[in-house]
């Protein structure tokens, strides 16, 4: 299934297509990301100004389409295909300041995929993507 959307952006028509990659249900966060004009603008900026986007975008987009989305308020979302996963982080007085993520608490995807558990390989992939995102932005990260 494909959904085409068109927006007027900076006086130009912008058309993009959202593809539902699989027949499985889509999580609410993935659906919000796909229909958001804000994410469309940042996707365009990633193509035009990758150096700026990598430092300032709330979305960190990987080549395979996987996204890390800073949710604010101590949360970061991991979007892969139609599934999402919300990870809590905190500072907890560590010096130098680093976001502390507890990946041992990450066991399953967000609804409607809550019955799908993450494999050890998926957790390792998530950890590597988080390290990559924080390293590129020059931010500190620690895992429990």
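In my numbering, the protein residues as written are 616 to 759. Glycine residues also receive a C-beta, built at the ideal position from the N, C-alpha and C atoms.
Open item on the list: Quick check: what's the CA-CA separation for residue 669 versus residue 750?
Closed with: If you take the alpha carbons of residue 669 and residue 750, they lie about 11 Å apart.
- [ ] Output the boundary residues of the beta strand (DSSP E) element that contains residue 697.
- [x] Looking at the DSSP string, residue 697 is not in any beta strand (DSSP E), and its letter there is neither H nor E.
Task: Cα-Cα separation, residue 698 to residue 649 - done: 12 Å
TODO: Give me whichever residues DSSP pairs with residue 675 in a beta bridge.
DONE: 683
Task: Test item: CB-CB of residue 667 and residue 718 under 8 Å - done: For residue 667 and residue 718, no; Cβs fall outside 8 Å.
Task: residue 656 versus residue 673: straight-line alpha-carbon distance, rounded - done: Between the C-alpha atoms of residue 656 and residue 673 there is a straight-line separation of about 11 Å.
TODO: Identify the continuous alpha helix (DSSP H) that holds residue 652 and give its terminal residues.
DONE: 652 to 663
Task: Extent of the continuous beta strand (DSSP E) to which residue 716 belongs - done: Note, residue 716: beta strand (DSSP E), 714 to 716.
Open item on the list: Using a 10 Å radius around the Cβ and a threshold of 16 neighbouring Cβ atoms, would you call residue 705 buried or exposed?
Closed with: exposed
Open item on the list: Would residue 682 and residue 661 qualify as a contact pair, given that the criterion is a beta-carbon distance under 8 Å?
Closed with: Against a cut-off of 8 Å, the Cβ pair of residue 661 and residue 682 comes out as no contact.
Open item on the list: If you reduce the DSSP assignment to three classes, tell me which class residue 705 lands in.
Closed with: strand
Task: Cβ neighbours of residue 756 in the same chain (closer than 7 Å, five flanking residues each side left out) - done: 713, 714, 716, 745, 746 and 749
- [ ] Can you grab the Cα-Cα spacing for the pair residue 652 / residue 643, in whole Å?
- [x] 16 Å
Task: Residues near residue 730 in its chain [Cβ-Cβ closer than 8 Å; skip 5 each side] - done: Shown here for residue 730: same chain residues with a beta carbon closer than 8 Å to its own, the five before and five after excluded, namely 723 in chain order.
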